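A.B. asks: Please find one structure pasted underneath; my questions will follow.
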Amino acid sequence: MMRIWNRAYLPMVSWTLSFVNRPTPKNILDIGVGNGASTNYLHQHFPTSQIYGIDCSKTAILEASKHYSASATFEEMSIDKTEYPSDFFDLIFAFQTHFHWEQLDQALMEIERILVPSGECWIACERSKVKYYLPDFAEVDKFQIYLANLGLDLVASHQTKDWICYRIMKLSS
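Residue 235 in this note's numbering sits at position 69 of the sequence shown, with consecutive numbering throughout.
Right, here's the structure in full:
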């Protein structure tokens with residue numbers, strides 16, 4: 167199953183990273199690590215950064231730790247309530263996961279809390295998943311309004327026929 171995921175979605179990870187212009191982030195969070203391949207890819211792309219990977223699945227964390235423990239620190243944790251300090255992460259990534267978050271509002275507010283003031287959160291997924299699981303946000307402008315109400319700014323979005331990614335930052339005070 168994970169081999170299929172890697173074959174199908176690691177290209178989406180690579181595509182998303184092509185838009186990221188942060189040469190030396192200190193701390194990076196990967197939300198929903200699965201088998202850890204995306205987290206390892208982040209480590210390869212940002213070799214001097216400290217990479218953290220979280221997943222609400224104990225099985226996923228065990229699998230990721232088994233294969234990629236040298237690349238990142240993995241923890242079983244949900245994004246809606248983390249133990250990280252405020253203003254900690256320079257970059258946060260969520261690949262093919264945000265539409266599964268049970269408490270989307272709380273998860274995004276937690277991202278706002280743990281993201282440094284100039285940090286970026288990148289959410290990427292298949293466009294069809296947004297249309298199916300989050301139909302209210304299938305249009306980018308509606309997602310932008312929603313994020314603004316949570317203290318976040320949808321700075322940019324990029325789309326292909328199949329994928330979409332969002333660059334999100336804290337709203338300026």
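Note that beta-carbon positions come from the ideal geometry of N, C-alpha and C, so glycine has one too.
The structure presented is a predicted model; accordingly, all values stated were derived computationally and were not measured.
Rounding to the nearest angstrom, what Cα-Cα distance links Y312 and Q269 in this structure?
C.D. replies: For this step, residue 312 is matched to residue 146 along the sequence shown. For this step, residue 269 is matched to residue 103 along the sequence shown. If I take the Cα positions, the gap works out to 14 angstroms.
A.B. asks: Quick one: what's got a C-beta closer than 7 angstroms to L208's C-beta in the same chain, skipping five residues either side?
C.D. replies: As a working note, residue 208 is residue 42 in the sequence shown. Closer than 7 angstroms at Cβ, skipping near neighbours: I194, D196, I217 and F259.
A.B. asks: Can you tell me which of the three DSSP states R333 falls into?
C.D. replies: Taking the sequence shown and counting its residues from 1, the one referred to as residue 333 is at position 167. R333: strand per DSSP, three-state reduction.
A.B. asks: So what does DSSP say about Y250, is it helix, strand or coil?
C.D. replies: The residue given as residue 250 occupies position 84 in the sequence shown. Coil at Y250, not helix or strand.
A.B. asks: Have a look at D271 and A290 and give me their C-alpha separation to the nearest angstrom.
C.D. replies: Within the sequence shown, residue 271 is the residue found at index 105, counting from 1. Within the sequence shown, residue 290 is the residue found at index 124, counting from 1. If I take the Cα positions, the gap works out to 17 angstroms.
A.B. asks: What does D143 pair with, by DSSP beta-bridge criteria?
C.D. replies: No information on residue 143 is available, as it lies outside the stretch 167 to 339 that the chain covers here.
A.B. asks: Could you give the C-beta distance for F255 and G285, rounded to a whole number, given that I count them as a contact under 8 angstroms?
C.D. replies: Counting from 1 along the sequence shown, the entry for residue 255 is found at position 89. Counting from 1 along the sequence shown, the entry for residue 285 is found at position 119. So it is a contact: roughly 6 angstroms between Cβ atoms.
A.B. asks: In the structure shown, what three-state DSSP assignment does L257 receive?
C.D. replies: Along the sequence shown, one-based indexing puts residue 257 at 91. Strand.
A.B. asks: Short of 7 angstroms in beta carbon distance, which residues of its chain neighbour Y234, apart from the five on each side in sequence? Order them along the chain.
C.D. replies: The count along the sequence shown starts at 1 and reaches residue 234 at position 68. G202, T205 and N206.
A.B. asks: Of all the beta strand (DSSP E) runs that stay within the bounds of the stretch 189-226, which reach a length of 3 or more residues?
C.D. replies: Runs found: 193-197 and 216-221.
A.B. asks: Do R333 and W288 come within 8 angstroms of each other at the CB atom, strictly closer than that value?
C.D. replies: For this step, residue 288 is matched to residue 122 along the sequence shown. For this step, residue 333 is matched to residue 167 along the sequence shown. Cβ atoms of W288 and R333: closer than 8 angstroms.
A.B. asks: In terms of alpha-carbon separation, which member of A236, S244, L274 and K224 lies closest to Q210?
C.D. replies: The count along the sequence shown starts at 1 and reaches residue 210 at position 44. Of the candidates A236, S244, L274 and K224, the one whose C-alpha sits nearest the C-alpha of Q210 is A236.
A.B. asks: Can you grab the Cα-Cα spacing for the pair V306 / F240, in whole Å?
C.D. replies: Stepping through the sequence shown from its first residue, residue 306 is reached at position 140. Stepping through the sequence shown from its first residue, residue 240 is reached at position 74. Going by the C-alpha atoms only, they are around 31 angstroms apart.
A.B. asks: S215 and K192 - do their beta-carbons sit closer together than 8 angstroms?
C.D. replies: The residue given as residue 192 occupies position 26 in the sequence shown. The residue given as residue 215 occupies position 49 in the sequence shown. Yes.
A.B. asks: To test your reading of the DSSP string, which unbroken beta strand (DSSP E) runs of 3 or more residues are found completely within the stretch 266-332?
C.D. replies: Listed in chain order, they are 281-292 and 318-325.
A.B. asks: When the Cα atoms are used, what is the spatial distance from L274 to K247?
C.D. replies: Reading the sequence shown from its first residue, position 108 is the one you call residue 274. Reading the sequence shown from its first residue, position 81 is the one you call residue 247. If I take the Cα positions, the gap works out to 10 angstroms.
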